[in-house]
Amino acid sequence: MFISVLIWVVMTLAAWPVYVVVNFAIGYFMGECTILDLIDQEPKRNLIESYKEGFMGSAVFAGILGLVAVIDYQLLSKNRLTGYFAGIFIPIFCVALAFIFYKDPNDVLVGFALTGVAMWVIYKIIDIGFRIRRTG
Amino acid sequence: MALLRASLLLIGLCLLPLSSARADQAILIGGGYNINGSQGQIELNVSWIQDVLNKVNMPVVTFFTDGDDPAPDVHYLHTKVEGDEPSPVDQLAEQLEPVARLFDNQIANARRFKNHEIKSVIGGTEASSLSNALADLFEAAPDDPTLLVFNGHGKQSKTTPDKVTMELWDDTSMTAAELHSLMEKSNAASRFVFTQCYSGGFHRLAYKNPEQGLELSSNMRCGFTAESAYRLAEGCSASIDSDDYRDYTTFFFAALDGYDRQGEILGVETDTNSDGQVSMREAHFYTLEYAHSTDLSRSTSEDYLSAWQPWYLKWSSGRGSLPNNEYAKLYRTLADRHSIPLSDSPAKHIREKMNMYKDTAAQLHLRGIEIRHEIRAIQDELIYAAQRKWPSLSGPYTALFQSLVVSGEMIQVAQWVSEQPGYLSLVDLQNEDQTLSDSILDAERNLTQMQKLFEFRKLARLQNQLYLYAKPEEVRDYEKLVACEDSPLIFK
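For the protein sequence lines, the chains are A and B, in the order given.
Following our numbering, the numbering of the first sequence begins with 516 at its first residue and continues without gaps.
Following our numbering, the numbering of the second sequence begins with 5 at its first residue and continues without gaps.
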């Protein structure tokens, strides 16, 4: 129960920051990083305000992502065979978000997919970390 | 004096062609906040804009610095013209140049003051008198479309963009929010052109609530600004050499007029849709394309697009090809001009060039610091030697110092300074410092062109996203702003 709650809280809180970092990294490596230009050209308070707006606006989706991670954990993580695939629903959910909410998903697909992968890594750290503790 | 000024203003207002028929009027506000902030370039800008507006028979109401007060209100830099007989002051300035250089006053030594020569000035720009005059104008002709143009200086807001200011005469100021409340007295559509630093905050004039929100004012307002609410604008140089002009006004009004400031016909057709008249939006696009300056200029509709962008689009990294619209076209034209390959990772190339210009500017800044250290060392050495010979030099504005000036001994000091071995190095270093400032400005102008390319890419995507994601009323508002901007100089 504790691990499930922990996964939900961590996933919910980390979703937006991870999405921002991933998209920033993509933008940085592709050269087109509008956020970098905003940092250059506008006061930081605007950026912080916009970040907070994103955090609040995405909270519902982040909460559902946390829930998906918990269900995934309960269904897949406790069996040795399915444990290998545990967390797979996280990137799938992220990619699905791009298709459901964006009219032109191609533009944002990579960002959502990589966010899903990054969130899956966080999930795995919690999952494997607690598994080692249990067996150790 | 204040009573006299108020009376003259009232008489002037009565003489305005305020007929019952609705007609366009232009309100031209110009000048600095005091003599030291009132550059000759602003005066020439205002005079030129008056001429452009007069050409299309638009009634122009002009407010400039201290109005009709004969006291000096403009400064400019004296430049030597071959063949011209120098005035006694210019001769003296030339003789005293070594002393001026010694005390870092060479620019002040070239500075001259005069009263403005703007025609038909109806009043000054001191905030309270200007505020009253504008209120009278809007109330007297509430149905007349207005074109409001400001040429001067501005200050940044530490809070919301509507608190940016026009810096007005006598060190007074007016915020965008204050002007917004004045413009509420008019029922007609208004356009505005603001070219000062941080002028982007004045786009809030277009909205119902100047502080925040996207709901437009019930009276259509749109405009063009040289910069965003957060950046300094180019211009405001004390030079009156018109070849130096790179500010927004120069390009914008040249596009509307079809002629540049020197009276030469423009090399390109600014009426891009060939409808027989140049709209303000066409003039803005011409400026965006051709102004090689440090201005990242914007229109109200562009400001609207940036303000509209929702969080779920703002923080996503834009990918894929650009949509086919006017901003993408502008991007391609400018990218081509700066040799940016359009097919092979253009964003990466732009970013590389951008970083290169940033590095160049940073290195030049560092060299500038070094040069100023060297200048300081030479000045200290020469000042020490000069003060041993003329001890009264150490106390300017004292009786002994004054006697040095009155006796004409200061000319001897200047002569002595110019004969010192370090003086030639000082002149060379000070000239190099000036050249360096020009090089820094050039690097910053190049950097801005790269920032423009990113801005155009962003706007191209934003315009596309607006039609995909915005509510119908938001699309309607955006189109209203574009239509307002697309109007010609004479609105009706």
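Glycine included, C-beta positions come from ideal geometry on N, C-alpha and C.
Nearest to M218 (chain B) by CA position, among B:S194, B:Q313, B:S297, is which residue?
The sequence given here places Leu at residue 218 (chain B); Met does not occur at that position. If we check each option's Cα against that of L218 (chain B), B:Q313 comes out closest.
Would S177 (chain B) and K159 (chain B) be called neighbours here (beta carbons separated by less than 8 Å)?
yes
To the nearest angstrom, report how far apart Q406 (chain B) and P400 (chain B) are at their CA atoms.
8 Å
In whole angstroms, what separates the C-alpha of A25 (chain B) from that of P63 (chain B)?
Confidence is the limiting factor: at A25 (chain B) the pLDDT is only 48, short of 50, which leaves the residue's position unreliable and the question unanswerable from this model.
The stretch 443-469 of chain B: positions lying closer than 9 Å to chain A by Cβ:
Q455, F458, E459, R461, K462, R465, N468, Q469
Closer than 8 Å, CB to CB, is K318 (chain B) near chain A or not?
yes
What is the DSSP secondary structure of S443 (chain B), counted as helix, strand or coil?
helix
Helix, strand or coil, according to DSSP, for G542 (chain A) in the structure here?
helix
What residues of chain B sit near I550 (chain A), judged by a beta carbon separation below 9 Å?
K318, W319, S321
Please list, in chain order, the chain B residues whose beta carbon lies closer than 8 Å to that of K559 (chain A).
None at all; the shortest Cβ gap to chain B is about 11 Å.
So R3 (chain B) and H296 (chain B) are supposed to be a Cβ contact under 8 Å. How far apart are they, rounded?
An answer regarding residue 3 (chain B) cannot be provided, because it is not within the stretch 5 to 496 covered by chain B.
Helix, strand or coil for F600 (chain A)? Go by DSSP, reduced to three states.
coil
Drop a sphere of 10 angstroms on the beta-carbon of D2 (chain B), count the other beta-carbons inside from all chains shown, and report buried for 16 or more, exposed for fewer.
The first residue shown for chain B is 5 and the last is 496, placing residue 2 (chain B) beyond what the model contains.
If you compare alpha carbons, which of B:E448, B:S411, B:D307 is closest to D363 (chain B)?
B:E448
Mind checking whether A577 (chain A) and A628 (chain A) have CB atoms under 8 Å apart?
no
Spatial neighbours of L14 (chain B) within its chain, please: CB distance less than 7 Å, with the 5 preceding and 5 following residues excluded, ordered by chain position.
Residue confidence for L14 (chain B) is low, a pLDDT of 46 falling below 50, so the modelled location carries little weight; the figure read from the coordinates is stated next. Answer for L14 (chain B): no residue qualifies.
Is there a Cβ of chain A sitting closer than 8 Å to that of A366 (chain B), yes or no?
no
Going by the beta-carbon positions, is the gap between L260 (chain B) and V56 (chain B) smaller than 8 Å?
yes
Chain B beta carbons: is any one of them nearer than 8 Å to that of M545 (chain A)?
yes
So which of B:E89, B:D88, B:G87, B:A114 has the shortest CA-CA distance to L100 (chain B)?
B:A114
Partners in chain B for V623 (chain A), counting only beta-carbon separations shorter than 7 Å
S320
L226 (chain B) and S343 (chain B): beta carbons closer than 8 Å?
The amino acid occupying residue 226 (chain B) in the given sequence is Cys; Leu does not appear at that position. The answer is no: Cβ separation not under 8 Å.
Please compile the residues from chain A whose C-beta is within a distance smaller than 8 Å of the C-beta of W173 (chain B).
What W173 (chain B) touches in chain A: nothing, since even the nearest Cβ is about 29 Å away.
According to DSSP, residues forming a beta bridge with H157 (chain B):
B:E171
Using DSSP with H/G/I as helix, E/B as strand and the rest coil, what is V4 (chain B)?
There is simply no residue 4 (chain B) to check, as chain B begins at 5 and stops at 496 in what is shown.
Own chain residues within Cβ distance below 8 Å of T69 (chain B), not counting five before or after:
G34, G35, G36, S42, D77, V78, H120, G128, T129, W173
Rounded to the nearest angstrom, what separates G280 (chain B) and N450 (chain B) at their Cα positions?
34 Å
Here's the rule: buried if 16 or more other CB atoms are within 10 angstroms of the residue's CB, otherwise exposed. What is V535 (chain A)?
buried
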